[in-house]
Amino acid sequence: MDYGIATVTLGGALRGKMEAIAAAGFPGFELMEWDLQGTSAPAARGMAADLGLEILNYQPLRDFEGGPRDQLLPKLERVERIFDGMEQLGTRTLLVCSNVSDVPDLDDNAVADDLALLGERAAARGFSIGYEALSWGLRVNTFRQAWRMIERSGADNIGLVLDSFHTFALNDPFEDLAEVPVDRIALIQVSDAPWMDLDVKSWSRHHRCLPGEGDFDVAAFLAPVLANGYAGPISLEIFNDHYKLRPPAPLARQGMAALRDVTSAAMDLTTRSLIASP
């Protein structure tokens, strides 16, 4: 199993985060755009290479799809600049979050068409796209909707990004995750959280935690996909104000242990399910 961790999970400067990630045994990490502040893309690539780390993806591209038509060209120009940076970073995947802006007359056709165009631009430069439904997304806020848009786009270099938080936050059933072809899943992001009476965006941005520290059954979320043969990256993506104040090295070690434990628990669930099947 390939494990990863998003740099947003840890506090401190990028070099310290990378050193903690490598020491904890992660083979790769997700690089958040703000972690490049004060560090050039070539320097970040060099640090990762020195530590034997792969940059799994660069993220996020926000509010791209389905917006006003007169904004599409400037957005595409920005995408090309992001691709330039990704070339320097040596990563081939861009993570795109579903649109959360207040867009009038946003419809499925515009979303799918824009994703198709994004996939075409990415393919021309040898990149792939991971598309993630944010639980407060305007038009796309569940993994089902995201997968439907990917299918409608017809772009075979766009994969689905699954995030346990966004699914649990909406109390969205996830047994049908097994219906998504595993070769079209780009990444699984996992986190736990306590149940809170809070708007979902604030809940997501400040109160996620390691698997096993909250109230979500993250193992049950993973089980349908692992049972279907998924063997791609599973990554911790945790937005937590308190985590950022903690030393990154021990937190990264705890994160690796939590990932291994929750993946093992998910595999146990799939085994028991197979045994119980007639």
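Residue numbers for the sequence shown follow my numbering, so the first one is 719 and each next one is one higher. All C-beta atoms in this analysis are idealised placements derived from N, C-alpha and C, irrespective of residue type, glycine included.
Residues of the same chain with a CB within less than 7 Å of the CB of A834, apart from the 5 flanking positions on each side, are S871, G872 and A873 in chain order. Distance check between R926 and each of Y721, W913 and L813 places W913 closest, using alpha-carbon atoms only. Look at the stretch 842 to 898 and you find these whole runs of alpha helix (DSSP H), each 4 residues long or longer: 861 to 871 and 882 to 887. P792 sits exposed, since fewer than 16 C-beta atoms from the chains shown fall within 10 Å of its C-beta.
Check the Cα spacing between A828 and each of I868, W752 and A904: the tightest is with I868. CA-to-CA, the gap between R796 and R780 works out to about 11 Å. Per DSSP, reduced to three states, the secondary structure at A731 is coil, with no helix or strand assignment. Between A970 and A741 the beta-carbon gap is near 7 Å, inside 8 Å, which marks them as a contact. Judged by DSSP in its simplified three-state form, L916 adopts coil rather than helix or strand.
Taking the Cα positions, R923 is about 16 Å away from E931. Nearest Cα to W921 within the set R902, A762, A738 and N958: N958. Going by beta carbons, S953 and I723 fall inside the 8 Å limit. In terms of Cβ geometry, F939 and S853 do not form a close pair [threshold 8 Å].
No Cβ-Cβ contact shorter than 8 Å links Y776 with M736. Counted as a single uninterrupted DSSP element, the alpha helix (DSSP H) harbouring Q806 occupies residues L790 to L807. Per DSSP, the continuous alpha helix (DSSP H) segment holding M765 begins and ends at A759 to D768. In the DSSP assignment, F939 falls within the alpha helix (DSSP H) that extends over V936 to A945. A941 and G950 have their C-alpha atoms roughly 14 Å apart.
Per the coordinates, the alpha-carbon of L895 lies some 8 Å from the alpha-carbon of R862.
The straight-line gap separating the alpha-carbon atoms of M985 and I800 is approximately 37 Å. Within a 10 Å sphere around the beta-carbon of A911 sit 16 or more other beta-carbons, which makes this residue buried. Leaving aside the five residues that flank S819 on each side, the residues in its chain whose CB is nearer than 8 Å to its CB run, in chain order, D781, G785 and L856.
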